[in-house]
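According to the numbering used here, the residues represented by the sequence shown are 77 to 365, in order. Written below as structure tokens is the structure these notes are about.
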Amino acid sequence: MKIPLQEDFNFAAAVTDHGWWMLSPNEWDDQRHILSRPVRLRNQKKALVRISKLEHHLQLEMESEAPLDDADQQDIKEQVAWMFRLDETFEPFYTMCSDFKELLHLPHNGRGRLLRSPTLFEDVVKVILTTNTRWGQTINMARNLVVQLGETLPINQQEYKIFPGPERILEAGEAFLKEQIRVGYRSTYIIDAAEKALDPAFKLEGLTSATDSLAKLIEIKGVGPYAFNTLSMILGKYDSLPVDSDYKAHVMTKYFNGEKVKGRKMESVYDKWGAYKFLAYWYDKDEGR
Numbered sequence: 077m078k079i080p081l082q083e084d085f086n087f088a089a090a091v092t093d094h095g096w097w098m099l100s101p102n103e104w105d106d107q108r109h110i111l112s113r114p115v116r117l118r119n120q121k122k123a124l125v126r127i128s129k130l131e132h133h134l135q136l137e138m139e140s141e142a143p144l145d146d147a148d149q150q151d152i153k154e155q156v157a158w159m160f161r162l163d164e165t166f167e168p169f170y171t172m173c174s175d176f177k178e179l180l181h182l183p184h185n186g187r188g189r190l191l192r193s194p195t196l197f198e199d200v201v202k203v204i205l206t207t208n209t210r211w212g213q214t215i216n217m218a219r220n221l222v223v224q225l226g227e228t229l230p231i232n233q234q235e236y237k238i239f240p241g242p243e244r245i246l247e248a249g250e251a252f253l254k255e256q257i258r259v260g261y262r263s264t265y266i267i268d269a270a271e272k273a274l275d276p277a278f279k280l281e282g283l284t285s286a287t288d289s290l291a292k293l294i295e296i297k298g299v300g301p302y303a304f305n306t307l308s309m310i311l312g313k314y315d316s317l318p319v320d321s322d323y324k325a326h327v328m329t330k331y332f333n334g335e336k337v338k339g340r341k342m343e344s345v346y347d348k349w350g351a352y353k354f355l356a357y358w359y360d361k362d363e364g365r
């Protein structure tokens with residue numbers, strides 16, 4: 077199955093420029109440039125999807141326990157299109173790179189897309205898992221969550237685990253998350269995210285556009301300024317910055333000669349990038365990669 081691309085881009089960079097590719101259940105084959113992961117469909121069917129890029133389209137190879145009809149295939153297409161931000165154009169950001177004569181390798185190499193998950197619930201949980209910890213521990217917590225709570229999809233004598241939905245999280249309970257998944261205090265936040273994901277009034281998965289009002293994300297326990305700004309980026313809104321320890325270390329080192337600065341002064345470094353502050357920071361800290 078193919079998804080035509082309206083805007084060409086660097087597929088490998090779209091996968092690996094954001095660390096989500098390292099978090100279960102994503103699997104990246106760096107040699108063949110194939111991203112694989114199991115997904116759950118709206119009708120509760122499960123499928124393994126292998127995604128690659130050929131010329132001007134994404135190529136999807138799918139395997140499932142049950143036959144996939146046209147509606148199932150359309151569901152998978154929509155999930156993959158969301159993961160790779162096929163509804164976004166990066167030309168305005170590239171124009172800024174050219175105007176400022178900075179980050180010129182991005183438009184030249186077709187970079188700028190940051191991978192996201194098929195559902196916002198999965199991304200909310202993963203952002204919570206990045207707070208106040210090292211990246212290696214985030215990887216471990218995500219793996220534990222998938223291995224211990226994910227539904228099994230058997231394909232060709234192999235078993236794949238799907239990222240657990242909110243129902244599975246709530247069935248497991250807060251104590252299980254804390255003691256067995258070893259997420260610590262984040263267990264309270266993950267439970268709250270699961271409850272809100274199932275609340276018809278909250279409509280978590282309805283936040284699919286940068287034009288939506290995102291303020292309700294703050295209502296999720298554990299979503300402070302850093303997590304909110306990161307989730308805004310995931311939803312395609314790049315005008316705020318994820319001010320965490322990495323941000324502070326980068327800005328103080330590169331722009332203030334190691335001097336400790338705070339608040340507005342620290343954030344003002346990227347003011348000129350306007351609606352694309354997050355992307356400017358993200359690639360500035362990894363320039364030359």
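The beta-carbon is built from N, C-alpha and C at its ideal position, and this holds for glycine as well. None of the values given here were measured: they were computed from a predicted structure.
- Shown here for P301: same chain residues with a beta carbon closer than 8 Å to its own, the five before and five after excluded, namely V319 in chain order.
- With respect to Q224, I257 sits close: the two C-beta atoms are nearer than 8 Å.
- Secondary structure of V125 (DSSP, three-state): strand.
- Membership of E83 in any beta strand (DSSP E) is not indicated, and neither H nor E is assigned to it by DSSP.
- Check the Cα spacing between D347 and each of Y314, H326 and G334: the tightest is with Y314.
- By the Cβ test, the segment 290-299 is in contact with the segment 253-270, since at least three Cβ pairs between them sit closer than 8 Å.
- Assigned with DSSP and collapsed to three states, V299 falls in coil, not helix or strand.
- In this structure the segment 150-160 touches the segment 105-124; the number of beta carbon pairs closer than 8 Å is three or more.
- Y314 carries a coil assignment under DSSP once its states are collapsed to helix, strand and coil.
- A142 and A123 have their alpha carbons spaced roughly 9 Å apart.
- Annotation for F304: L293 and I294 place their beta carbon closer than 7 Å to its own, counting only its chain and skipping 5 residues before and after.
- Looking at the DSSP output, H133 sits in a beta bridge with P80 and L130.
- Comparing alpha-carbon positions, the option among E271, L136, M342 and T306 lying closest to V203 turns out to be T306.
- Excluding the 5 residues flanking it on each side, F166 has same chain C-beta neighbours closer than 6 Å at G188, in chain order.
- Distance between Q234 and T228, taken at the CA atoms: about 10 Å.
- Spanning the alpha carbons of W349 and A356 requires a straight line of approximately 7 Å.
- Rounded to whole angstroms, the separation of the alpha carbons of Q213 and K330 is 27 Å.
- A direct Cα-Cα distance of roughly 33 Å separates I110 from K177.
- Rounded to whole angstroms, the gap between the alpha carbons of N220 and V327 is 33 Å.
- Inside the segment 155-226, DSSP marks whole alpha helix (DSSP H) runs of 4 or more residues at positions 167-176, 181-185, 196-205 and 211-225, from first to last along the chain.
- Judged by DSSP secondary structure, E255 falls outside any alpha helix (DSSP H); it is assigned neither H nor E.
- DSSP lists no bridge partner for W96.
- Take K254, set aside five residues on each side of it, and the residues of its chain with a beta-carbon closer than 6 Å to its own are S263, in chain order.
- Rounded to the nearest whole angstrom, the C-alpha separation of L180 and I238 is 38 Å.
- Of the residues assessed, F332 falls on the exposed side of the cut-off, its CB having fewer than 16 other CB atoms within 10 angstroms.
- The three-state secondary structure of S289, taken from DSSP, is coil.
- Where D322 is concerned, the enclosing alpha helix (DSSP H) starts and stops at S321 to Y331.
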